[in-house]
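Everything below concerns the one structure shown next.
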Amino acid sequence: MLLIHCPYCEDTLPELEFTYAGEAHIARPADPSALSDEEWRDYLFIRTNARGPHYERWRHVGCGRFFNALRDTVSDRFLMTYKAGLPRPPLPQETVE
Amino acid sequence: MSRYRIMGKGRVDHSAPVSFTFDGKTYKGLRGDTVASALLANGVHLMGRSFKYHRPRGAVTAGSEEPNALIGTSRGAGRFEPNTRATVQELRAGLVTESQNKWPNLSFDLGAINDRAYMLFSAGFYYKTFMWPKSFWDKVYEPVIRGAAGLGKSPTEPDPDRYASRYLHTDVLVVGAGPAGIAAALAAAQSGADVTLVDENPEMGGSLLSDPAVQIDGKPAWDWVEAQLGRLRAAGVRLMTRTTAIGYYHQNMVGLCQRLTDHLDNPPKGAPRERMWRVRAGQVVLAQGALEKPLVFDGNDRPGVMLAGAAQTYLHKFGVRVGDNPAVVTSHDSAWYAAFDLADHGARIAAIIDTRDAVRPDLLEAARKRGIKVLASHTVTTTTGRSRVKSVRAALVRGDTVGAGHDIACDCLLMSGGWTPSLHLFSHTKGSLAWDGQTFLPDRKTEDCEIAGAGRGLWGYQPVLADGAAAGLRALAGLGRAGHDACFTVGNDRPGTGVTHTELPTDGNAGKARAFIDFQNDVTAKDIRLAVREGMRSIEHVKRYTTNGMATDQGKMSNINGLMIAADALGKAPPQVGLTTFRPPYTPTSFGAFCGYLRGETFQLTRKTPIDPWAEANGAVFEPVAQWRRAWYFPKPGEDMHAAVLRECKATRASLGIFDASTLGKIEVAGPDAVEFMNRIYTNPWTKLAPGRCRYGLLLGEDGFIRDDGVIGRLSPDLFHVTTTTGGAARVLTMMEDYLQTEWPDLDVWLTSTTEQWATVALNGPNALTMLKPLVQGVDWDDFPHMSCGECTVAGLPARLFRLSFTGEIGFEVNVPARHGLALWTALMEAGKPYDICPYGTETMHVLRAEKGYIIVGQDTDGTVTPADAGLDWAVCKAKKDFVGKRSLSRPDIVAKGRKQLVGLLTEDGSLLQEGAQIVLDPDQPKPMRMVGHVTSSYQSTMGHPIAMAVIEGGFDKMGETVFVPMPDGVRKARITSTVFYDPEGLRLKA
Ligand SMILES: [Zn+2]
Numbered sequence: 001m002l003l004i005h006c007p008y009c010e011d012t013l014p015e016l017e018f019t020y021a022g023e024a025h026i027a028r029p030a031d032p033s034a035l036s037d038e039e040w041r042d043y044l045f046i047r048t049n050a051r052g053p054h055y056e057r058w059r060h061v062g063c064g065r066f067f068n069a070l071r072d073t074v075s076d077r078f079l080m081t082y083k084a085g086l087p088r089p090p091l092p093q094e095t096v097e
Numbered sequence: 001m002s003r004y005r006i007m008g009k010g011r012v013d014h015s016a017p018v019s020f021t022f023d024g025k026t027y028k029g030l031r032g033d034t035v036a037s038a039l040l041a042n043g044v045h046l047m048g049r050s051f052k053y054h055r056p057r058g059a060v061t062a063g064s065e066e067p068n069a070l071i072g073t074s075r076g077a078g079r080f081e082p083n084t085r086a087t088v089q090e091l092r093a094g095l096v097t098e099s100q101n102k103w104p105n106l107s108f109d110l111g112a113i114n115d116r117a118y119m120l121f122s123a124g125f126y127y128k129t130f131m132w133p134k135s136f137w138d139k140v141y142e143p144v145i146r147g148a149a150g151l152g153k154s155p156t157e158p159d160p161d162r163y164a165s166r167y168l169h170t171d172v173l174v175v176g177a178g179p180a181g182i183a184a185a186l187a188a189a190q191s192g193a194d195v196t197l198v199d200e201n202p203e204m205g206g207s208l209l210s211d212p213a214v215q216i217d218g219k220p221a222w223d224w225v226e227a228q229l230g231r232l233r234a235a236g237v238r239l240m241t242r243t244t245a246i247g248y249y250h251q252n253m254v255g256l257c258q259r260l261t262d263h264l265d266n267p268p269k270g271a272p273r274e275r276m277w278r279v280r281a282g283q284v285v286l287a288q289g290a291l292e293k294p295l296v297f298d299g300n301d302r303p304g305v306m307l308a309g310a311a312q313t314y315l316h317k318f319g320v321r322v323g324d325n326p327a328v329v330t331s332h333d334s335a336w337y338a339a340f341d342l343a344d345h346g347a348r349i350a351a352i353i354d355t356r357d358a359v360r361p362d363l364l365e366a367a368r369k370r371g372i373k374v375l376a377s378h379t380v381t382t383t384t385g386r387s388r389v390k391s392v393r394a395a396l397v398r399g400d401t402v403g404a405g406h407d408i409a410c411d412c413l414l415m416s417g418g419w420t421p422s423l424h425l426f427s428h429t430k431g432s433l434a435w436d437g438q439t440f441l442p443d444r445k446t447e448d449c450e451i452a453g454a455g456r457g458l459w460g461y462q463p464v465l466a467d468g469a470a471a472g473l474r475a476l477a478g479l480g481r482a483g484h485d486a487c488f489t490v491g492n493d494r495p496g497t498g499v500t501h502t503e504l505p506t507d508g509n510a511g512k513a514r515a516f517i518d519f520q521n522d523v524t525a526k527d528i529r530l531a532v533r534e535g536m537r538s539i540e541h542v543k544r545y546t547t548n549g550m551a552t553d554q555g556k557m558s559n560i561n562g563l564m565i566a567a568d569a570l571g572k573a574p575p576q577v578g579l580t581t582f583r584p585p586y587t588p589t590s591f592g593a594f595c596g597y598l599r600g601e602t603f604q605l606t607r608k609t610p611i612d613p614w615a616e617a618n619g620a621v622f623e624p625v626a627q628w629r630r631a632w633y634f635p636k637p638g639e640d641m642h643a644a645v646l647r648e649c650k651a652t653r654a655s656l657g658i659f660d661a662s663t664l665g666k667i668e669v670a671g672p673d674a675v676e677f678m679n680r681i682y683t684n685p686w687t688k689l690a691p692g693r694c695r696y697g698l699l700l701g702e703d704g705f706i707r708d709d710g711v712i713g714r715l716s717p718d719l720f721h722v723t724t725t726t727g728g729a730a731r732v733l734t735m736m737e738d739y740l741q742t743e744w745p746d747l748d749v750w751l752t753s754t755t756e757q758w759a760t761v762a763l764n765g766p767n768a769l770t771m772l773k774p775l776v777q778g779v780d781w782d783d784f785p786h787m788s789c790g791e792c793t794v795a796g797l798p799a800r801l802f803r804l805s806f807t808g809e810i811g812f813e814v815n816v817p818a819r820h821g822l823a824l825w826t827a828l829m830e831a832g833k834p835y836d837i838c839p840y841g842t843e844t845m846h847v848l849r850a851e852k853g854y855i856i857v858g859q860d861t862d863g864t865v866t867p868a869d870a871g872l873d874w875a876v877c878k879a880k881k882d883f884v885g886k887r888s889l890s891r892p893d894i895v896a897k898g899r900k901q902l903v904g905l906l907t908e909d910g911s912l913l914q915e916g917a918q919i920v921l922d923p924d925q926p927k928p929m930r931m932v933g934h935v936t937s938s939y940q941s942t943m944g945h946p947i948a949m950a951v952i953e954g955g956f957d958k959m960g961e962t963v964f965v966p967m968p969d970g971v972r973k974a975r976i977t978s979t980v981f982y983d984p985e986g987l988r989l990k991a
């Protein structure tokens, strides 16, 4: 069972306290009506499905907060977690092939 | 004294005989025996029959890797357990055991016909037979296979035992308490670290318990073990026996299954049978040792053929000589020591047959001194003996030539094909493996763990002890602590090396050889070669095609032998072919241990409303809804469900019904931007909704499909009382929080779940207003029409009162703080007496709402239904620029013709449809029929005929048309109607 760091509680806690919430850094368009059908489709359904480091959202059920994480989908390791709204951090050096 | 027991020998208690039965016959063993050691002491080698061929089998090991000696054990009703390894099950007084896979009895078994028909059951048999005519499979193969090839009997009664579960945090977890594990724990314990040492056996000491002549630091092995365990205990190390590390999970979490009572004559009443530990360790030391491999030759599975190391264990731990006249065949030095030990305890060794050309001179000398015949450069080509091995045929090998064989009489045959490090737990972590020319060793690690001793290919006590101590120190260093190096002096050490083989060379027909690799799944060397000939290239394919390594022992003995043969057949080096993946659990683990406390009433929490005690006292039948237990209906004496529901429906329509709606999800949306938030989340317009009024709210996903609904009241300009479906409450709050936290953090809004803060009682019926009015204070009835809400008191209790209807009758929902729920209910029941107030349950609620065509999200919708599909377009505010899901409502797929739409259905013959039944336009079309929709709701109604709702392609344009509903007992004809069956004009609400 993974241990996950909640950036709000500043505590590392068992996976059971968290739920996955999809890919991160996909902002809801400010004016959806201005989008073409294809652009709206991409916003709704098209996701990265990364093999390796993946920016994703998690929710700490304990405190109720959504936050972002960088997780390696091959090793299932959390490389970092950070608060929602912060810009996408660069990949850690050792994970760049 | 049993025939094969050596007086005073072993770690069993010779003064404590224990009786048990095996296949109905009573035997005597000793306290400390396993079932296998006790049977062997009585000269019983035949302990079971194999899974596929029903070949007679005996114990081949002395440990948890045992593939053959599987037995059923029983301690009375519900306490029967199949597939228990006789080599692990400790003897207890009155233990009842039985052999498996035999009929009518173990020594004469009709299923053994499979053995003669083995050509039919060769590799890929299960796959190939699927290509036979299907009827042949259904009528012949499957029943025959299921009848003949089951692995033990399933228990038929619920397990009455308790199972416990605990968490443990420890600095260092050492798995395996042999020499390496003990040395590692000693090293780790010296700096005050919290250390846990676990072992699957009843006693710690590992291989040292089978090698008592070894001396460590001047002490005999057993004395040394006892002294070290004393030191560990004194240092506060947690010592856990009968505890198997079943799985190694992420971030040093290890699952331990501790067996607590199976070895006890009389377990304390209520004591848990097993305990599952979830251990989070700072560092893990794997010191699991190595598993001995069989050699692969024709007849290597007869009872009496066993691993040499197992014979050594039976001798030293249990004082049991497995035979009087053993022969030995080996490719590893270790079996020589087993032969010497048996010879020194009264056995006459028939011969030591070594496959290798060069054997260590000191071993040859030790054999000569004991008068043991040695055959080097020899192979074994076959054995004889039905329920016990009688002879073994040995032949000289020169290059590729196998010389003439000669038979050597024996009463057991001890084999050793070398040793495989126990890699299972390491492999659970996805640690990589490296091939050292003979076997796989742990290589790159992914977790904070150390591997010590024979588990990483070391042999001999001196290097293993030093390695264990070093691993313990490295674990300490990993924790940022330091300790002193340890030094061990070992006397009478037993160093050894060996070689790994494919199947042994034979002078006979290799195609007829029954040389077993996987004993439990009856996989032979020939099966592996056949799989390769038939095109399997990956070891994963070979495994699945032959089922090698797929039995409950998970290939502990068979994987390397299978790999060697597959690699040979493919003409590749073993590492190029690779090893199959080991998966948890390490050994078979009971379901009870996994469930722990999570069974029966404690499987899942049961949420009860404040009014639940009244419902229970008044004979409610309950149904689970999400995690709630809800009153389903209230039968009167003699009433069935149908009669009770019809009475409740009619009473409500005629006068007054009362319903516990406390489970409705409730969320408070508060703050200066509350109305803006509501506008963005729900499809409806909220700006103009005045405080004191409420409105039906519809919630979509961003994909435009209906997610939830409920009536929402505006209590003040900045406070909304939102209700959700019972099952959707948590999901809706999470969705709201998601948007608020991540998309619109600028909005000043607070969301609070208040589901459990309020008890909610619904009153419905033509007399609802009349009855309620006198109880209410603080409401201006001249300004409280349908769809109003406000704070007031009801029966003297502080309340939020909603005037709304989910039945089509005049209706109210009274919310009071949960602690007043029961008082409110009781007061309303009392005040309702003059109106024959009728409590009703969820079924009546469903019928009444369906008669009005009110949908239940999740029943009439399924995640692919838009507001338009459900006829709820009126609830969507098109004037709003944006809300969640709005953009999707104009996607091409959503506006396309032919979408399934929610309509009513009335059957022509007045019969009740089944919810979920599929709908077709033409019942005579060929199968598979084209299905155009399905029934979503179906009830007996108050109107004298059943009603149904359904989603049907283009349903709105098919009003009045006929469709067909094929059901198990015939096709029903049904007419498409509006979903509003009752009071379509809504006159009753205005009454
Ligand atoms: Zn948190």
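Just so you know, the protein sequences line up as chains X and P, in that order. Just so you know, UniProt numbering puts the end of the first sequence at 97, numbered straight through with nothing missing. Just so you know, UniProt numbering puts the end of the second sequence at 991, numbered straight through with nothing missing. For glycine and all other residues, C-beta sits at the position ideal for the given N, C-alpha and C.
Answer yes or no: the CB of Gly85 of chain X versus the heavy atoms of ligand 2, is any distance below 6 Å?
-> Although ligand 2 was asked about, the structure shown includes only ligand 1 as ligands.
Does Met678 of chain P get closer than 7 Å to chain X when you measure Cβ to Cβ?
-> no
Just curious, the alpha helix (DSSP H) that Thr328 of chain P is in, first and last residue?
-> Rather than Thr, the amino acid found at residue 328 of chain P in this sequence is Val. Note, Val328 of chain P: premise wrong, no alpha helix (DSSP H); beta strand (DSSP E) at 326-330.
Express the C-alpha separation of Ala343 of chain P and Ala311 of chain P in angstroms, rounding to a whole number.
-> In this structure, the CA atom of Ala311 of chain P is about 12 Å from the CA atom of Ala343 of chain P.
C-beta neighbour in chain X for Glu668 of chain P, strict 7 Å = no
Among P:Ala234, P:Trp459, P:Ala486, P:Pro267, which residue has its Cα nearest to the Cα of Thr497 of chain P?
-> P:Trp459
Using a Cβ-Cβ distance under 7 Å, would Phe130 of chain P count as near chain X?
-> Here Phe130 of chain P scores only 48 on pLDDT, less than 50, and its place in the model should not be relied on; the value that follows carries that caveat. With its beta carbon at least 7 Å from every one in chain X, Phe130 of chain P lies outside the interface.
Note the first and the last residue of the continuous beta strand (DSSP E) segment covering Arg398 of chain P.
-> Segment 391-398, the beta strand (DSSP E) holding Arg398 of chain P.
Closer than 7 Å to chain P by CB, Asp37 of chain X = So yes, Asp37 of chain X belongs to the interface.
Can you name the residues of chain X whose CB is closer than 7 Å to the CB of Arg887 of chain P?
-> Pro32, Ser33, Leu35, Trp40, listed in chain order.
In chain order, what are the residues with a CB under 5 Å from some non-hydrogen atom of ligand 1?
-> Residues with a Cβ closer than 5 Å to any heavy atom of ligand 1, in chain order: X:Cys6, X:Tyr8, X:Cys9, X:His60, X:Cys63.
Compare the C-beta of Phe66 of chain X with all C-beta atoms of chain P and state if any pair is closer than 7 Å.
-> yes
Minimum length 3: unbroken beta strand (DSSP E) runs contained in the UniProt domain "Aminomethyltransferase C-terminal" (900-983) of chain P | 900-907, 933-939, 947-953, 962-967, 970-977
Strand pairing of Met306 of chain P, partner residues [DSSP] = P:Leu414
Counting only the same chain and skipping the five closest in sequence on each side, list residues whose C-beta sits under 7 Å from that of Phe340 of chain P.
-> Ala366, Arg370
Apart from the five residues just before and just after Ile565 of chain P, which ones in its own chain have a Cβ nearer than 8 Å to its Cβ?
-> Val296, Thr502, Glu503, Ile517, Ala525, Ile528, Arg529
Since I believe Leu91 of chain P is in contact with residue 994 of chain P (beta carbons under 8 Å), could you give me their beta-carbon distance rounded to a whole number of angstroms?
-> This structure does not reach residue 994 of chain P, given that chain P is present from 1 up to 991, and the question cannot be answered.
Would you kindly report the start and end of the unbroken alpha helix (DSSP H) that includes Glu39 of chain X?
-> Counting along the chain, the alpha helix (DSSP H) containing Glu39 of chain X begins and ends at 37-45.
Who are the near neighbours of Ser662 of chain P in its chain, counting only those whose CB is closer than 8 Å to its CB and skipping five residues on each side?
-> Once the five neighbours on either side are set aside, the close Cβ partners of Ser662 of chain P are Thr609, Pro610, Ile611, Trp758, Ala759, Thr760, Val761, Ala818, Gly821.
Based on the DSSP output, what are the partners of Pro613 of chain P in its beta bridges?
-> Paired residue(s): none; Pro613 of chain P is not in a bridge.
Exposed unless 16 or more other CB atoms sit within 10 angstroms - verdict on Cys412 of chain P = buried
List the residues that DSSP assigns as beta-bridge partners of Leu168 of chain P.
-> Bridge partners of Leu168 of chain P: P:Val279.
If you draw a straight line from the C-alpha of Thr379 of chain P to the C-alpha of Val397 of chain P, how long is it?
-> 7 Å
CB-CB length for Gly871 of chain P against Thr979 of chain P, believed under 8 Å | 7 Å
Keeping to the same chain, check which residues put their C-beta closer than 6 Å to that of His428 of chain P; ignore five residues upstream and five downstream.
-> Gly247, Tyr248, Pro584
Residues of chain P with a CB under 7 Å from the CB of Asp76 of chain X: which are they?
-> His250
Tyr20 of chain X classed as buried or exposed, judged by whether at least 16 other C-beta atoms fall within 10 angstroms = exposed
Quick one: is Met736 of chain P near chain X, going by C-beta distance under 7 Å?
-> no
Contact between the segment 158-176 of chain P and the segment 261-276 of chain P: three or more CB pairs below 8 Å?
-> yes
Candidates P:Gly72, P:Val172, P:Ala234: closest to Ala287 of chain P by CA position | P:Val172
Out of P:Pro966, P:Leu260, P:Thr942, P:Ser191, state which residue places its alpha-carbon closest to the alpha-carbon of Met931 of chain P.
-> P:Pro966
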